[in-house]
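Protein chains: 2
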Amino acid sequence: MAGDNGKSNRSTDPAVQEMIAKAESMNVFTVWDRYEAMQPQCGFGDTGLCCRHCLQGPCRIDPFGDGPDKAICGASADVMVARGLDRAIAAGTAAHSGHARHLAHTMLKMAEGKAKDYSVKDGAKLRTVATRMNIPVEGRSDNDIALDLATAALADFNEKDTPVMWAASVVTKDRARVLTDLGLVPKGIDYEISEIMHRTLYGVDADPVNLLLAGLRCGVADLAGCYMGTDLADILFGTPTPVVTEANLGTLKADAVNIAVHGHNPVLSDLMVTVAQDKKEAAVSAGASGINMVGICCTGNEVMMRHGIPSCTHSVSQEMAIMTGALDAMVVDYQCIMPALVNVAECMGTTIVTTMDLCKISGATHIEFSEEAASEKAKEAIDIAIQNFTRRKGNGVDIPDIRTPVVAGFSVEAIVGALAKVDAEEPLKPVVDNIKAGNIRGVCLFAGCNNVKVPQDRNFTIMARKLLEENVLLVATGCGAGALMRHGFMDPTNVDDMCGDGLKAVLTAIGEANELGGPLPPVLHLGSCVDNARAVALAVAVADYLGVDTDKLPVVASAAEAVSEKAVSIGAYAVAAGLPTHVGVMLPVLGSPLVTQVLTDKVKDLTGGYFIVDLDPESAADKLLNAIDERRAGLGL
Amino acid sequence: MAGDNGKSNRSTDPAVQEMIAKAESMNVFTVWDRYEAMQPQCGFGDTGLCCRHCLQGPCRIDPFGDGPDKAICGASADVMVARGLDRAIAAGTAAHSGHARHLAHTMLKMAEGKAKDYSVKDGAKLRTVATRMNIPVEGRSDNDIALDLATAALADFNEKDTPVMWAASVVTKDRARVLTDLGLVPKGIDYEISEIMHRTLYGVDADPVNLLLAGLRCGVADLAGCYMGTDLADILFGTPTPVVTEANLGTLKADAVNIAVHGHNPVLSDLMVTVAQDKKEAAVSAGASGINMVGICCTGNEVMMRHGIPSCTHSVSQEMAIMTGALDAMVVDYQCIMPALVNVAECMGTTIVTTMDLCKISGATHIEFSEEAASEKAKEAIDIAIQNFTRRKGNGVDIPDIRTPVVAGFSVEAIVGALAKVDAEEPLKPVVDNIKAGNIRGVCLFAGCNNVKVPQDRNFTIMARKLLEENVLLVATGCGAGALMRHGFMDPTNVDDMCGDGLKAVLTAIGEANELGGPLPPVLHLGSCVDNARAVALAVAVADYLGVDTDKLPVVASAAEAVSEKAVSIGAYAVAAGLPTHVGVMLPVLGSPLVTQVLTDKVKDLTGGYFIVDLDPESAADKLLNAIDERRAGLGL
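Chains as they are written, first to last, in the working numbering: chain D, 1 to 637; chain U, 638 to 1274.
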C-alpha cells in the first residue's frame, strides 16, 4: 500500500526496498548511490543558469547577484533559462515523435507488404483516424487506407503550408483557433525541433517571451507526436480494452525464463509477446516452466494494456528488476534506459539486449531490429534469455513476494464503451452529469516518471490518495501509472478504501453497468507516456460534449516525479491545451523570475493553462483542487 | 598589420584597441569585461563533463577521478561528452540549414510571383545547380527552374528514401561511397537534427562511438545546409566576382548615415544595399553626406562579396562598431548577434533593429521582415537610421582612422574563371601543376569566428603568416576571413611581404593573366560561413581533376578562434569530407579521453579526416604543414 512505509527514504515500494537492501549488501552501486555521490548538485544547472551553447562559455549567472548577471555574449538569466527550457522541449518532442515515426514506418512497410509480421489489428480505429486526417475510407481496403495514413503521418514531420494535422485536428475547434492566433500551430514536427535548435544558438533569439512561445509551439508538435504514436499503435496492435493483470517484482518467476521488455515502442515488444508463445517449448526443454514476459516503463505499459503482460517495475527502480537475479534478459528499445543497467546486469548474470540503432549501450548485446525480420529478431532475443536461464538454473534468486492486482487498459474507446453501458445514446452524459452534480469534482491526469530526488512513488501516492478522497477522477499514464499500479490504485477492491463517496458511486455504477462484479479501479490506466494523447482526447471529447474549450474544464495534470525532457514537452502541450499542470520536482527555471512568472502565471492569459511547481505533494494536491474548483466556478458549478 | 601589437591582450586589431580603450574610459562593459567577470569558468562544462539532459541532474563527472565517475543514470564521461557534442552539431546544422531554408522560401516566393523584390541574378548558376539536382533545364524559363529547385531544396529537409541531395551530389563519387558505407549519408536535414535530439535524450544512446557517428552524419547534413545556402544565394543575388573594397572601423563616416547589417542571411541585407541608394536623398535632406552601408560578420561578407560593401568589424568586436558613436542603426537578422549589443547601443545612441521572428532581442526595435514586403521593410529600417542621424548630427564621434584594402569575392566560379585565363582548356591545371611542382605546398581554409578567449585575430594572423611563408594557398570564410582582411591579408600589395616565393609566383602569374596589374591577394576571400561549402566545392573540383578522393588532397582546414556551435558542425563535415581540421580553442571533449581519441585519431581510419586541437597557433601551423606533407607524400609528391 501507499507511501506509508518508512524503512527507506529511497522508495516507498516495499519490493524495491527489499532489492535496495540486497544491492547494499552486495555492494552493487545503484541509481540512489549515484545520486548521493553526485551531491551537492550544481546550483547553476539546477536553476537553469548555466549555458554551454557556444565555445566562449561555459557561462554561469549567479542567482544571488554576487557574480556576473549576464553571459559573455550578454544573454540575461531570462534568456539563458528560456533557451535551456526550449532545448529540453525540443528533445522531448524529438523522442515522442521519433517513436511515432517508427510506427509510421512500420505501418508503411506493412501496407507495402514488406513487414509480414504486422497487420491492421483495429480496422475501425484505422478508419476513424483516417477520416480525421481527411483520408477517404469508403470502399477501401485496410491496407490502402493504412498506406495513406502512414504517408500522412510521415508528412506531418515536414514543414508544409498546412499545419501539422495530428496537432490541428485533435484539439477543440476553439483551441485550434487560440493556437492559431498565438502562432502556436506547428508547421512540421521535425521543422519545429530544428527551429528551436536554430533559435537557441549563440546570437539568435534573446527575447525570453519569444523563446517561450516557440517552446510552446514545439510542445504542440510534441502533442502531435504523442497522438500519432497512440493512434498508430492502436491500429497496428489493437486498441486497449480493460485487462486484469499484476504489477511489481513479484511477477518474476524463479522457475521460468524471465524476459523484461523495457523502453517505449510496442513495435518490437508486442511481437516479443507473440513470439514468446512459440518459444515456450524451447524454454521447457531448457528446464524452465515456460517464458515469463514482464514489462518495464512504457513498453511495459503497451504490452500490459494489450496483452495483460505484468509490469515488473518502473523508472527509477529498473535496476532492481535485475537485482532479483531472476531476470534472464532485458530487451530494450529506447528512452529512459539507464546506461547503468549493464553494470548491474554484469553482477547478476542478466543480458541487456539493445535492439535499435539509435540506442546502443556499451557493454550490452546488440541485435539490430528491423520490421522486415521482426519475428526473427524477437526469437534471437528470446534465445539469448533461454541460454541465460540454462546458466542460472538452480542458483538462488530473490524475488520479493509482492504483486498488486491491476486492471489496466482504459483507452478512450474503452472508457466510452464502458460509459455507453450506462447511457448508450450519450455515453459522456453520465460523466458530465456526475461532474455537474459534484460526484466527480474534476479530473486529474498523473503522468511522467519516478525521479531519484523523490522517495519513489511518494508524490504520486500522497497526491492520488488526497484527490481520490476529494472525488477527483484519476487517470494515469507512463511511470505515473506504474507508480500507482504498484501501490494498489488500479485494484478495484481498493475503491472503498480510497475514494470519496461521490466518486465511489460513479465507479461502482459504471462497473455494475458493465457487469464487472465491482467498481472500476480507483485510477484508470490510460497507457504509456505517448498515451497522454488519450488524456487530451478524453478532455476534448468532454469539452466538445459540453460545448466549451479544454481550458474551461475542471481537468488538471500532474507530473509529480518527472525526469525526462519528454515530461517537459508534455507539460508544454498540457499548458498549451489549457490545463493547470503540476510538476513535483524543480524545473531548471528558477534562475529566471521572469520565465518562472510566465510559466506559472502570465501564460494563463494566453492559453488558459499554466504550470504549478510544488515539491510538497500535500500542498500540490491542494493547489490542483483549487484549480479544479476555479474551473468549476467558471462553469457555474 | 598582424598580431604584433602588444597594447592590449584583448585584440590585435588596432582599431578595436582604440574602441576598447574608449569603452573602458566610459565604463561601458563589453564582451571582454564579461569574459573576465566569468572567470573562473566552470571546469566541468569546459571539459564536457556536465549534463542537464534530465531532471535528475544536473550531473557532473570529476575529470580527475575524485568525484563521481558516472552520471546518476550511469552515463559515463564518454557518453556525456559525446551527447553534448552531438547536440552542438545539431544546433549548428539547424542554424546553417535554417538560413538555407529561408533562401529556398525566398526563391519559391519569387518563382510564384509573391516576392517581387527578388529575381534570378545568375541564370547560369541556376542551371548548373538544377542540373546537379536532376532538374530539367533545357528550354525552360529561369522561373520554372527556380520553382523546381526551391521545391527540391525544401524536400532535402524532410526524411525520404533518397539521400539529402545537397550532400550526396556535392562530394566526389568515392566520398559518396565512403559516406554510404559508414552510414553517414543523411536522410533529411531536419530529420537528422531531430534524430540527434532523440538519441541524446535521457536513456537513449549510451555508446559513445555510435553517438559520434550520428554526429558526423548530422555534420554531413550541415554540409548540405551550407552548400544549399551558397547555391541559392548566388542564384538570387549573383555569384561573387572579385571586388576591391576596405575593412575595419575606419570605413564608418562621421558625416554619413551609418548603417551596419549584421548577421548572416543576404535575404534582407542584399536588398538593404539596393534600397539605400534610393534613400540617399532623404539622408542628404537630413544633413548627411549620404548613406554609408557597412557589414558585420557574415551578412557583411555576403554584401561585401556581391556589392563591395566594406566590412566594419567582425565577431567578438561587434560592440566596438557601436562604441564609435557613429553607427546610426545596426540591422540584424540572426546568428552571432550578441544580446549585449542593445546595452552598448543604449549608451551610444545606436538603434538595434531586429528583423526576424526567431531572433528578437529584449530592448531592440523589431521590424518583422517578409519577402513579400522586402523593400518596404528595408526602407523602414533605413528611415530609423536617418532619424537617428538627425539626433546625433554635430555630436563628436570616434572613428579610428584605420582601413585596410581588401580584394574579396572569390567564389569557385571566380577562381576557375581567373585560372581559365592561364589555361582556358583545363583551368585547374595551373593550380594542380603548381601543387605538383611544390610552388603551392597545399591549401588551407581558415574559417570560423573570433573567440574572446583568444586575443582577437591572433591565431588567424600567426597561422596565416606562417603558412603563407611556407607557400600554402589560403582561402578564408566567415569571421576568419574578417580577421585576415582587417590585417591586410586580402591586400594584393602584401603578397611580396607575406608569401613564400613559390606561392608569390603563382598569385602573380594568375594576377597578370587576368590583367589585374598585380598578384591575387595573399588570402582568397571565399565568403561567409555557409560558404565553407565553396571550399568543399573547390576541393572536390581539384580531387575530381586529379582522380582522387578529397581525403588524399593536401588540403586542411582551421577554425582557429571558433565560437559558434556552427563551427562544431562545420568541423564535423570537414572531417567527414576527409580533411585534417584544426580547432584553436578547446572543444568541450577533454573530459572523455575516448571521444578525444576518436575525434583526433581513430576517425582517420573511417573518413580520412580528423581533428587537431591545438591552442598554440605556432605549433598548430606546424601540425597543418605536417598534415599537408603527409598528404603530398601519399600522392607521391
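Ideal Cβ placement from N, Cα and C applies to all residues, glycine included. As the structure is a computational prediction, the values presented were derived from the model and not from experiment.
- Here D:E618 has no same chain residue with a Cβ atom under 6 angstroms from its own Cβ, once five neighbours each way along the sequence are excluded.
- In summary, U:L886 is buried, with 16 or more beta-carbon neighbours lying within 10 Å of its beta-carbon over all protein chains present.
- Identification of chain D residues near U:Y755 by a Cβ-Cβ cut-off of 9 angstroms yields none; the smallest Cβ-Cβ distance measures about 19 angstroms.
- At a cut-off of 8 angstroms between beta-carbon atoms, D:T200 makes contact with chain U.
- With contact defined as three or more Cβ pairs closer than 8 angstroms, the segment 182-198 of chain D and the segment 548-563 of chain D are not in contact.
- Check the Cα spacing between U:Q955 and each of U:V940, U:N980, U:V904 and U:R943: the tightest is with U:N980.
- Interface annotation for the segment 791-818 of chain U against chain D: L791, F794, N795 and E796, criterion Cβ-Cβ distance under 8 angstroms.
- Among the residues of chain U, those whose CB is under 7 angstroms from the CB of D:C54 are V1200, S1201 and E1202, following chain order.
- By the beta-carbon neighbour count (other beta carbons within 10 angstroms, threshold 16), U:R854 is buried.
- Beta-bridge analysis with DSSP links U:C710 to no other residue.
- Three or more pairs of CB atoms, one per stretch, sit closer than 8 angstroms, so the segment 1153-1162 of chain U contacts the segment 1122-1137 of chain U.
- Cβ neighbours of D:L223 within its own chain (closer than 6 angstroms, five residues either side excluded): A167 and Y573.
- Using beta-carbon distances, D:D222 does not count as an interface residue toward chain U, since no partner is under 8 angstroms.
- The DSSP assignment places 917-922, 934-944 and 955-960 as complete runs of the alpha helix (DSSP H) inside the segment 905-960 of chain U, in order along the chain (cut-off: 4 residues).
- Contact annotation: U:T1218 and U:A1197 have beta-carbon atoms that are not nearer than 8 angstroms.
- For U:L1224, there is no enclosing alpha helix (DSSP H), since its DSSP letter is neither H nor E.
- In the structure shown, U:M993 adopts extended strand secondary structure according to DSSP, grouped into three states.
- The Cβ of D:Q335 sits closer than 8 angstroms to at least one Cβ of chain U.
- Judged by DSSP secondary structure, D:A408 falls within the beta strand (DSSP E) whose first and last residues are T404 to A408.
- Under a criterion of Cβ atoms nearer than 7 angstroms, the residues of chain D adjacent to U:G682 are, in order, C50, R52, G57 and P58.
- If you ignore the 5 residues before and after U:L784, its C-beta comes within less than 6 angstroms of the C-beta of A748, all in its own chain and listed in chain order.
- In this structure, DSSP gives U:D1251 a state outside helix and strand, which the three-state scheme calls coil.
- Interface with chain D (8 angstroms Cβ-Cβ cutoff): U:A674 is included.
- Nearest neighbour of U:G1221 by Cα position, chosen from U:K1241, U:T809, U:V1250 and U:I1036, turns out to be U:V1250.
- Contact check for U:T684 against U:L1227 passes: the beta carbons are separated by less than 8 angstroms.
- For the 8 angstroms CB-CB criterion, U:I933 and U:P651 do not form a contact.
- Spanning the alpha carbons of U:G820 and D:V267 requires a straight line of approximately 23 angstroms.
- Taking U:L1153 as reference, the option from U:G1215, U:V880 and U:D1238 with the minimal CA-CA separation is U:V880.
- Contact between the segment 461-474 of chain D and the segment 326-338 of chain D is absent: fewer than three C-beta pairs spanning the two stretches fall below 8 angstroms.
- For D:I510, the enclosing alpha helix (DSSP H) has its first and last residue at D501 to A513.
- At the C-beta level, U:L1065 and U:V1179 come within 8 angstroms of one another.
- Taking 4 residues as the minimum length, the alpha helix (DSSP H) runs contained wholly in the segment 12-56 of chain D are 14-25, 31-37 and 43-46, in order along the chain.
- Close partners of U:E832 in chain D (Cβ separation under 8 angstroms): A94, G98 and L358.
- Under the three-state reduction of DSSP, D:E192 is assigned to helix.
- Residue burial is scored here from C-beta neighbours: U:A1270 has fewer than 16 other C-beta atoms within 10 angstroms and is therefore classed as exposed.
- Separation of the CB atoms of D:L524 and D:V472 is rounded to 12 angstroms, and the pair is thereby denied contact status at 8 angstroms.
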